[in-house]
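Let me begin by presenting the structure, written as structure tokens, before commenting on it.
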Amino acid sequence: MRDNFRNLRLNQVARSLSSFETARSEARPQRGWLRAIREALSMSLEEVGRALGQSKKRILDFEHAEAEDRITLKSLRRVASAMDCELVYALVPKSGSIIELAEKHRQRHEKNEERQTRDRVRQDVLEVEHTMALENQAPGDVDRLIDEETKRRLKKK
């Protein structure tokens, strides 16, 4: 059930992100989107400032902050709104799709879980082996026992 919900959610996110995937290859303008959009709309700093109730110096500060990755989403949204624009943002994988990225993370998680389980099993088996050796009842092939017990514990999960 949990996997079904996870897959459903993953597919919903993948559909939502599909329109943003081409944006990944678009470079942000050197001076930032605020300035690029303002200039494309032929708006002055004063016009944007009036619409926002701020000084032209403050609008210039917002533009510089955006170009230097220091602006908040709230401020970016407000300035965009003053230019009759809407802020739209998304997190997109650096390469490939969100489904491919999720699979990569799932495999990494499984590998890590297997390693941790194997470490716990190894510790348990070696403790038992030591005790049995003291009683002259050594269990035999320790590596085989570790492999079998690791597989058994992973199946239970």
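All residue numbers for the sequence shown refer to my numbering, where the first residue is 1441 and numbers rise by one.
For every residue, glycine included, the Cβ atom is placed at its ideal position computed from N, Cα and C.
Sub-9 Å separation of residue i and residue j beta-carbons
i: LYS1534; j: ARG1592; result: no
i: ARG1555; j: ILE1586; result: no
i: GLU1503; j: ARG1471; result: yes
Inter-residue Cα distance where the pair is residue i and residue j
i: SER1484; j: ARG1478; result: 7 Å
i: ARG1562; j: ALA1542; result: 30 Å
i: ARG1449; j: ILE1539; result: 11 Å
i: GLU1588; j: SER1458; result: 43 Å
i: LEU1594; j: ARG1498; result: 58 Å
i: THR1462; j: VAL1568; result: 57 Å
i: GLU1550; j: ARG1475; result: 46 Å
Of the listed residues the options, nearest to residue i (C-alpha basis)
i: ILE1511; options: TRP1473, LYS1544, GLU1486; result: TRP1473
i: PHE1460; options: HIS1549, ALA1530, GLU1553, ARG1546; result: ALA1530
i: ALA1454; options: VAL1532, LEU1527, LEU1500; result: VAL1532
i: ASN1451; options: ASP1501, LEU1516, HIS1570, SER1537; result: SER1537
N- and C-terminal bounds of the alpha helix (DSSP H) containing residue i
i: LEU1474; result: 1473-1480
Report yes or no: do the stretch 1517-1537 and the stretch 1489-1497 share at least 3 C-beta pairs separated by less than 8 Å?
yes
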